[in-house]
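> Those protein sequences? They're chains A and H, same order as listed. Everything in the first sequence is counted per my numbering, starting at 1 for the first residue and increasing by one. Everything in the second sequence is counted per my numbering, starting at 1 for the first residue and increasing by one. Sharing a structure, written as structure tokens. Questions coming.
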Amino acid sequence: MVLGRHGTFVLQVNPILCDGFGHCAELAPDLVRLDEWGYPIIETTPLSLQDKGALESAKYAERGCPRQALRIRRKLD
Amino acid sequence: MINVRSLPRLLAWSEGPPTSLARHQALFGTSFRPQPLNELQQSGLLGRGGAGFETFRKVELLRAQRATHKLMVVNAMEGEPASRKDFKLLTQNPHLVLDGAEQLAAMIGADRVVVCVARDNARAASAMNQAIHERQRLSLRGPDISLQTPPGRYVAGEESALIHWLNDNEALPQFRPERPSILRIRRHPVLLDNAETCANVGLITRYGADWFRSLGTAAHPGSTLVSLSGAIDAPKVMEVAVGTPLRDILAAGRAEAAPQALLLGGYGGTFVGPDALDAPYSNDGLRPFGATVGAGIIVVLPKNHCGLLETYRVVRWMAHESARQCGPCAFGLPAMADDLSLIVRGGAPAREALARLQRRTGEIEGHGACRHPDGVVRFVRTALQVLAADLDQHLHVGPCAHLGNTPLFIVPALEQEESLEWS
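Here you go:
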């Protein structure tokens, strides 16, 4: 049996709040890359909540954003 | 009385000064259908502001809201420089717009109607103001109607920006991750519809859904207003049945019959080539060409004009009109305009600029809070596709011979960034 919740998540940025500090790309390099002006381009395909590594780095990015512009949106099955 | 079987419908008897209430009632009648909501549902009216969402479904969404107060907002901001349809409606048949707004307000149980007209559009604002006062003098029934004049920025007419202005006096778009979301003023739910949509509702609730559907296509019924400009003697607004072939619309407007390309929808819209001339002017008919009717704008690009130059001018203005809230839009759109200016000048720098531009369009699309950057990306992408021959000339030979001709696309003068009004 698999532990943890079943479902998917995406990391989402509020582009109005975002000021392009770029911490997210360092904290979650597998999910976020930066465009040429330093604003995040985030993986948009939903990832499984079972993917602990990705979820963990998404949480780092969410907490590490100085503008608190990032949110993890979960969709449970 | 209005002849219910032919065009014009929305622009009936629209010559000279704005139609007075007495004359309006004599022309269109004062009796409405007993079940307006049913008629609206049967009519299948699609919103005329650009998105083409079914009006009845929006009304249903608002009817389901429990609230002590609701509002009906009429969007006549008309931020598209090439659009004149709302201006035409407001300065000719303002009461038809107000009829529709009152009917929609009654359907959702709203006690207030707010009409929004851009501040710099003084003639439309004063015509609407007069119409509102005329109504309030003559009748005590119906919702309270007021006029608001937000600043005339391109993005100020975007629905979340308009609601934000009514709430907080800032015409800035908002980030709305969940859609469809209910717009609110304070805590009160808001139904927001384009002025032409309201005018159509004013007719549907009078003459019924069957009458409305006697023109147009099954999926996109009725008639619609078209702002025609570009290679034409003078820009004009025409009312056409939805589904009329583009070729016939150009002929009726006495525009260039064999154009190089057409811009459909607006400055966030789609270029189509001459192969689309026989397509029906409806959302379903234009789908194969990746286009929609949008806000009813058709700009005709003739063969002796440089479409890339026009594209550059429009993108530079659109970049200037960005609210500069989101990085990808604030920095990306000016960068796209710079790339386009290099492409217009031609040569080796143009080839580099094209590669850069194509990468940038991918990075900018979908990364703003509103759809402003997405519109510009669509505009640029389809321009590069449809104007491929001219693009090839610029890249490999040099600037085309048409650069010296007076540009045709209506682009307002750029204001100083500091003097842009947002509140």
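Note that the Cβ used here is the ideal one computed from N, Cα and C, for glycine as well. Source: prediction; values computed, not measured.
Hey, residue 290 of chain H and residue 270 of chain H: beta-carbon distance below 8 Å or not?
yes
> Identify whether residue 70 of chain H lies in helix, strand or coil by the three-state DSSP scheme.
coil
> Mind listing the chain A neighbours of residue 321 of chain H? Cutoff is C-beta to C-beta under 7 Å, in chain order.
Under the 7 Å cutoff, chain A gives no residues; its nearest Cβ is about 16 Å from residue 321 of chain H.
> Which parts of the stretch 120 to 161 of chain H are runs of the alpha helix (DSSP H), unbroken and 4 residues or longer, counting only runs that do not cross its ends?
Counting whole runs of 4 or more residues, the stretch 120 to 161 of chain H contains the alpha helix (DSSP H) stretches 122 to 138.
> Should residue 28 of chain A and residue 60 of chain A be called a contact, given that it needs their Cβ atoms to be closer than 8 Å?
yes
> Considering only C-alpha positions, which residue in the set H:148, H:180, H:175 and H:182 is nearest to residue 169 of chain H?
H:148
> Taking only beta-carbon positions, decide if residue 77 of chain A is within less than 8 Å of chain H.
no
> Assuming contact is defined by CB atoms lying nearer than 8 Å, are residue 190 of chain H and residue 163 of chain H in contact in what I supplied?
yes
> In this structure, does DSSP put residue 83 of chain H in helix, strand or coil?
coil
> Can you list, in chain order, the residues of its chain with a C-beta nearer than 6 Å to that of residue 99 of chain H? Leave out the 5 residues immediately preceding and following it.
202
> List the residues of chain H that residue 65 of chain A touches, going by C-beta distances under 7 Å, in chain order.
None at all; the shortest Cβ gap to chain H is about 14 Å.
> Residue 94 of chain H bridges to which residues according to DSSP?
Partner(s): none; residue 94 of chain H has no beta bridge.
> Does DSSP classify residue 216 of chain H as helix, strand or coil?
strand
> Tell me the DSSP bridge mates of residue 183 of chain H?
H:190
> Counting only beta-carbon atoms, is residue 12 of chain A nearer than 8 Å to chain H?
Interface annotation, residue 12 of chain A: in contact with chain H, CB-CB separation under 8 Å.
> Among A:69, A:34, A:58 and A:19, which residue has its Cα nearest to the Cα of residue 47 of chain A?
That would be A:58, whose Cα lies nearest to the Cα of residue 47 of chain A.
> Just the C-alpha distance for residue 393 of chain H and residue 186 of chain H, rounded to the nearest angstrom, thanks.
55 Å
> Please report how far the alpha carbon of residue 306 of chain H lies from the alpha carbon of residue 400 of chain H, in whole angstroms.
7 Å
> Per DSSP, what kind of secondary structure is residue 1 of chain H in: helix, strand or coil?
Interpretation of residue 1 of chain H is limited by its pLDDT of 48, a score under 50 that renders its predicted location unreliable; the figure taken from the coordinates is listed afterwards. DSSP places residue 1 of chain H in coil when its eight states are reduced to three.
> With a threshold of 8 Å between beta carbons, is residue 41 of chain A in contact with chain H?
yes
> Could you say which of H:92, H:175 and H:350 lies nearest to residue 131 of chain H if we only look at CA atoms?
H:92
> Could one say the Cβ of residue 400 of chain H lies closer than 8 Å to chain A's Cβ atoms, at least one of them?
no
> Check whether chain A comes within 8 Å of residue 325 of chain H, counting only Cβ atoms and requiring the distance to be less than that.
yes
> Are residue 6 of chain A and residue 65 of chain A closer than 8 Å when you measure CB to CB?
no
> Check the C-beta distance from residue 47 of chain H over to residue 55 of chain H and give it rounded, since I have them as a contact under 8 Å.
5 Å
> Can you tell me whether residue 359 of chain H is helix, strand or coil according to DSSP?
helix
> When you compare only the Cα positions, how much space is there between residue 407 of chain H and residue 423 of chain H?
32 Å
> Listed from N- to C-terminal order along the chain, which residues in the stretch 361 to 383 of chain H have their beta-carbon within a distance smaller than 7 Å of any beta-carbon of chain A?
363, 367, 368 and 369
> Rounded to a whole number of angstroms, what is the C-alpha to C-alpha distance between residue 247 of chain H and residue 15 of chain H?
26 Å
> In this structure, does DSSP put residue 324 of chain H in helix, strand or coil?
coil
> Going by beta carbon distance, what residues of the same chain come within less than 7 Å of residue 347 of chain H, once the five residues before and after it are set aside?
398
> Tell me which residues of the stretch 279 to 308 of chain H have at least one Cβ-Cβ distance to chain A shorter than 8 Å, keeping chain order.
none
> Measure how close the beta-carbons of residue 373 of chain H and residue 205 of chain H come, nearest whole angstrom, since I'm counting them as under 8 Å.
No, residue 373 of chain H and residue 205 of chain H are not in contact; Cβ-Cβ is about 38 Å, not under 8 Å.
> In chain order, what residues of the same chain have a beta carbon less than 7 Å from the beta carbon of residue 345 of chain H, not counting five sequence neighbours either side?
399
> Let me know the secondary structure DSSP gives residue 112 of chain H once reduced to three states.
strand
> Where residue 105 of chain H and residue 233 of chain H are concerned, what is the direct C-alpha to C-alpha distance, given to the nearest angstrom?
40 Å
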